Each structure stands twice: as structure tokens, then as C-alpha cells.
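A.B. asks: Start counting at 1 in the sequence shown, then tack on 1, and there's your number in the numbering used here. Backbone N, C-alpha and C define an ideal beta-carbon position, used for all residues, glycine too. Since this is a predicted model, take the numbers as computed values, not measurements.
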Amino acid sequence: MLTHARFSDLIGMIYDCAVEPDNWPGTIAQICQTIDCMSGLMLLIDLQLAQSRLAYAWGMKPNWERRFLSHSNHVSGFYQRAFSRTICQDGEPQVLSSLIDAAGPRARSIYAELTEPEGISETMQTVVFRQARRLAIFGANRHKSAGQLADNESAMMRLLVPHIRRAVAISDILDIRKLETHTLAAILDSFSTGVVVVGDRGRILHANGSARTMFSAARPVCASAGFLKVHDADAHRELADAIAVAQHNEAEIGSAGIGVALGGSGGEPSIAHVLPLAHGDLRTRLVPQASAAVFITRAEDKPAGNLQAVADSFGLTPAEARVLEQLAGGATVAEAAQDLGTSLYTAKTHLARIFSKTGAARQADLIALVHRLVPPIHRPTN
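Structure below.
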């Protein structure tokens, strides 16, 4: 049985990986041992290049990665089909054998080659990070001697997945760089993403250059009497609640503070992610008295590449996709209509259909969704 203390320890290990990626193998080991699995891994699937690679692993035999990479094209194609949004819900554990059967004899042959020599009876995999062109998959493997995976293991993974997703998303923003106390300011200042380290009640302890620019413009966030503030009352409440939970009990934060949709005073959309910093030896060394780090991406940080994959994922028509691209670039609905040579009524009709298909309720929520799927472009360091 997973005790509260053990669960809290696992959450702390996962969040430490956001600032120290080399900790992933050991953390994967702890997660796998908790659900009685013999090995585990983190896969990165490049859907555009049809490539896959093993990011981190624990318990796999030395020649397994070589065999896995020899099937990279087939593997990436399988994940693109089997883990599409129409089949697989992000964060929901999937027993791979149940998906393999529908993928044809070639997939079954590769699956057998990769699992049977390891003595694997079942593999449970979960989408923990999704972008238009990339997937991150967390997997845990059960040995034949341990029997089949059951609902209990799936339920446990559902509890852990939001925390894994947060750590992976922030590692992606940090460009998988290790953070050290003596280089923290220089590294954070290299990001186009705004980063604000906050203490109790959102008190600002450190802000990088991009965040200070946001403060000067008073959008999408501002500094008020030394505290981080958001113009939109609902977004401010959601962010403040996530920071408070991060400070007092990070194990309870769940999906709160992941992709918070912000609305600036000028209406420009942006999103924020919250990383707890109040616990764990690694994170508490970065900035003493810190409760959390808040990562803020504005619409001006335009998504890399086009949005066709996003449009395809939600079944948008070409006209709807063009409106979405305009909005993702920071345009208002009226500006999008003018640039596309259509009426405001038509543009609003397209937007209403986009809301219906994506499940977004506000323009800020829609752009937040786009930025979760398509990453902002990093500003290169010198």
C-alpha cells in the first residue's frame, strides 16, 4: 500500500528531476518499485521526423536500447497512431499489449522482440507530455513472475502522472539544463519565457529579464508591492492557490498550476506553469525561502513551426486553422478577420466552432492550449 509519506517522497523526487535531469533514472526506479515493476523508461517520440529515442531508463538490459532504436521508424509510427488524441487520453495509463494487437503483425513481432528477452509480461505506458510534433511517454514494465498489471497500479500512476507532466514540461522550458545555485540567474535570464521565483503568498524573490520586462509593461503579469499579480481575477486565484499548495504540501498540487491561462490588461493571452520549490534538497538549495517558480509564456513568444498538427488533432477546417494561427500570433478576432479578408461575423463563427472542437471556453484558454501543444522558441544563450 502506498502511504502518504511514501507518496510525498515520490512527488519530491519527481520535481527534483525538473532541475536535475540526471535524477530521472533513480526516480523511475522508485516509481517502478512502488508498483511492482521490474524496469521503466521515458521515451521521446518525434512525430515529424518519425524518430524515437530513449531519454531515461532504469532496469533495462544494456542491449535493449540498441534493439529498440533499430525499430525507431516503426515505433514512432505506432505511437503516432495508437496514442493519438482520438484513441488515447493524456495521463491515462495504457496496457501496451491491448494496443499492439490492433496495430498489425509487424507491431506484434517488434513488441515480442523487445519484451520477451526481458521477461516482460505487461507494459503500462502513459502520455505525460504532448506537443504538436512530440510525445513523451512514461513506461513501466511488469515481469512475468509478478503477474498481470491491475487497476491498483493504473490508479497509482494516475496520481503520479500530473506531477511527472509538470516536471517534464518545465524541463522542456529549461531546455533540459541542470540548474545550480551559482548559475541560476544567468541561466534563467537566457530564456524568453518569464520566470519568477516566489515565496509566501507570491512574494517575488527573483525574476529573470523576461519577467522584469513583463512587470514594466504590466502585462501579462505585474509586480505589486513586491508580490506577483495577475490581472485576471480567476487566473490570479488559480495561480495563488497553486503557489500556496506548493509551499505547504506539494503532493496535493495535482494538475493545479499547469498551463494556467492568463489574460493581460491588453487582452493578450499567455500561460503559466508552477514548479514547487519549498521541499527537496535540490530545489530548496536554489533559492532559500522559495515556495515556487512560475514560468510565464506570452503569445508574443510565438509557437515554433506551424499549427497544422494541432488543427489536425481537433479536426479543424482549413478556415478555422487559419483563424487559430492568427490568434496564436497575438491577433484579436477583428485583426484576424481583416488579415484573412473575411468579415468579423465569419471570424467569430470560426472561433465559436474552434471553441466547440477544442473544449476551450475563452480565447486565453485556447491560446494556452496551443502553447501546451507547441512550445515557444527559446532565445539562444551566448
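#1: Starting from residue 56, trace the beta strand (DSSP E) in both directions and tell me its first and last residue.
#2: Quick test of your reading: residue 39 and residue 142, contact by CB under 8 Å. State the CB separation rounded to the nearest angstrom.
#3: Going by beta carbon distance, what residues of the same chain come within less than 6 Å of residue 258, once the five residues before and after it are set aside?
#4: Check residue 140 in the structure and name its three-state DSSP category.
#5: For the putative contact between residue 212 and residue 197, defined by C-beta atoms under 8 Å, what is the C-beta separation to the nearest angstrom?
#6: So residue 251 packs on residue 12, CB below 8 Å; how close in whole Å?
#7: Please identify the residue among 126, 163, 254 and 207 whose C-alpha is closest to the C-alpha of residue 227.
#8: Could you say which of 330, 316 and 46 lies nearest to residue 136 if we only look at CA atoms?
#9: Cβ atoms of residue 273 and residue 296: under 8 Å apart, would you say?
#10: Would a C-beta distance cut-off of 8 Å place residue 124 and residue 97 closer than the cut-off?
#11: With a threshold of 7 Å on Cβ separation, who are the neighbours of residue 332 within its own chain once the five nearest residues in sequence on each side are excluded?
#12: Can you tell me where the alpha helix (DSSP H) with residue 280 in it begins and where it stops?
#13: Does the Cβ of residue 122 lie closer than 7 Å to at least one heavy atom of the ligand GDP?
#14: State buried or exposed for residue 148, treating a residue as buried only when at least 16 other CB atoms are found within 10 Å of its CB.
#15: Quick one, which of 6, 165 and 118 has its alpha-carbon nearest residue 63's?
#16: Suppose contacts are defined by Cβ-Cβ distances below 8 Å. Is residue 322 in contact with residue 200 by that definition?
#17: Would you mind giving the Cβ-Cβ distance between residue 15 and residue 165, rounded to the nearest angstrom? I have them listed as a contact below 8 Å.
#18: Going along the chain, which residues of its own chain have a beta-carbon closer than 6 Å to the beta-carbon of residue 66, five neighbours each way excluded?
#19: Please classify residue 23 as buried or exposed, where buried requires at least 16 neighbouring CB atoms within 10 angstroms.
#20: Evaluate residue 107 with the Cβ neighbour count: other Cβ atoms within 10 Å of its Cβ, from every protein chain shown; 16 or more gives buried, anything less gives exposed.
#21: Out of 280, 140 and 9, point me to the one whose CA is closest to residue 121's CA.
#22: Which whole-angstrom value describes the C-beta separation of residue 324 and residue 352, a residue pair presumed to lie in contact below a C-beta threshold of 8 Å?
#23: Residue 52 to residue 72, Cα distance in whole Å?
#24: So, helix, strand or coil for residue 62, using DSSP?
#25: Taking DSSP as the reference, what is the three-state secondary structure of residue 77?
#26: Please report the straight-line C-alpha distance between residue 167 and residue 113, rounded to a whole angstrom.
#27: Could you spell out the range, first to last residue, of the alpha helix (DSSP H) harbouring residue 420?
#28: Measure the CB-CB distance between residue 138 and residue 57 and report whether it falls below 8 Å.
#29: Quick check on this structure: which residue in 237, 262 and 278 has the alpha carbon closest to the alpha carbon of residue 371?
#30: Tell me where the beta strand (DSSP E) around residue 208 begins and ends.
#31: By alpha-carbon positions, which one of 220, 31 and 203 ends up nearest to residue 239?
C.D. replies: Checking against the coordinates, here is how it stands:
#1: For the purposes of this step, residue 56 is taken as the residue at position 55 of the sequence shown. Looking at the DSSP string, the run of the beta strand (DSSP E) that includes residue 56 is 52-59.
#2: Here residue 39 corresponds to residue number 38 of the sequence shown, with the count starting at 1. Here residue 142 corresponds to residue number 141 of the sequence shown, with the count starting at 1. Indeed, because the Cβ distance is near 6 Å, the residues count as touching under 8 Å.
#3: On the sequence shown, position 257 is the one that residue 258 refers to. Here the set comprises 243 and 275.
#4: Here residue 140 is taken as the residue at index 139 of the sequence shown, counted from 1. Of the three classes helix, strand and coil, the one that applies to residue 140 here is strand, per DSSP.
#5: As a working mapping, residue 212 is identified with position 211 in the sequence shown. As a working mapping, residue 197 is identified with position 196 in the sequence shown. Right, their Cβ atoms sit about 5 Å apart.
#6: The count along the sequence shown starts at 1 and reaches residue 251 at position 250. The count along the sequence shown starts at 1 and reaches residue 12 at position 11. That belief holds up - the Cβ atoms of residue 251 and residue 12 are roughly 6 Å apart, short of 8 Å.
#7: Along the sequence shown, one-based indexing puts residue 227 at 226. For the residues 126, 163, 254 and 207, the minimum Cα distance to residue 227 belongs to 207.
#8: Along the sequence shown, read from residue 1 onward, the residue named residue 136 stands at position 135. Checking every option, the nearest Cα to that of residue 136 belongs to 46.
#9: Taking the first residue of the sequence shown as position 1, residue 296 is located at position 295. Taking the first residue of the sequence shown as position 1, residue 273 is located at position 272. The answer is yes: Cβ separation under 8 Å.
#10: Within the sequence shown, numbered from 1, the residue matching residue 124 stands at position 123. Within the sequence shown, numbered from 1, the residue matching residue 97 stands at position 96. Taking 8 Å as the Cβ cut-off, residue 124 and residue 97 qualify as a contacting pair.
#11: Taking the sequence shown and counting its residues from 1, one reaches residue 332 at position 331. These residues qualify, in order along the chain: 340.
#12: Stepping through the sequence shown from its first residue, residue 280 is reached at position 279. Neither: residue 280 is in no alpha helix (DSSP H) and is coded neither H nor E.
#13: Of the ligands one can find in the structure shown there are none, so the ligand GDP has no counterpart to examine.
#14: Taking the first residue of the sequence shown as position 1, residue 148 is located at position 147. Exposed: under 16 other Cβ atoms inside 10 Å.
#15: For this step, residue 63 is matched to residue 62 along the sequence shown. Looking at the Cα atoms, 118 is the closest of the given residues.
#16: As a first step, residue 322 is located in the sequence shown; it is residue number 321 there, counting from the start. As a first step, residue 200 is located in the sequence shown; it is residue number 199 there, counting from the start. No, Cβ-Cβ distance for residue 322 and residue 200 is not below 8 Å.
#17: Working through the sequence shown from its first residue, we reach residue 15 at position 14. Working through the sequence shown from its first residue, we reach residue 165 at position 164. Going by Cβ atoms, the distance from residue 15 to residue 165 rounds to 6 Å, so yes, they are a contact pair.
#18: Along the sequence shown, read from residue 1 onward, the residue named residue 66 stands at position 65. The answer, listed in chain order, is 55.
#19: Stepping through the sequence shown from its first residue, residue 23 is reached at position 22. By the 10 Å Cβ count, residue 23 comes out exposed.
#20: Taking the first residue of the sequence shown as position 1, residue 107 is located at position 106. That one is exposed.
#21: Against the sequence shown, residue 121 aligns to sequence position 120. The shortest C-alpha separation from residue 121 is found at 140.
#22: Translated into positions along the sequence shown, residue 324 becomes position 323. Translated into positions along the sequence shown, residue 352 becomes position 351. Confirmed, about 6 Å.
#23: Walking along the sequence shown from the start, residue 52 turns up at place 51. Walking along the sequence shown from the start, residue 72 turns up at place 71. Taking the straight line joining both Cα atoms gives about 9 Å.
#24: Counted from its first residue, the sequence shown places residue 62 at position 61. Residue 62: coil per DSSP, three-state reduction.
#25: Numbered from its first residue, the sequence shown carries residue 77 at position 76. Three-state result, residue 77: helix.
#26: Locating residue 167 in the sequence shown gives position 166, counting from the first residue. Locating residue 113 in the sequence shown gives position 112, counting from the first residue. Between residue 167 and residue 113, the C-alpha separation is close to 32 Å.
#27: Summary: the structure shown does not reach residue 420, with the chain confined to residues 2 through 383, and so no result is reported for it.
#28: Looking up residue 138 in the sequence shown gives position 137. Looking up residue 57 in the sequence shown gives position 56. Going by C-beta atoms, residue 138 is not nearer than 8 Å to residue 57.
#29: Counted from its first residue, the sequence shown places residue 371 at position 370. Of 237, 262 and 278, the residue nearest in Cα terms is 262.
#30: As a working mapping, residue 208 is identified with position 207 in the sequence shown. Segment 205-208, the beta strand (DSSP E) holding residue 208.
#31: The residue given as residue 239 occupies position 238 in the sequence shown. Among 220, 31 and 203, the Cα nearest to that of residue 239 belongs to 203.
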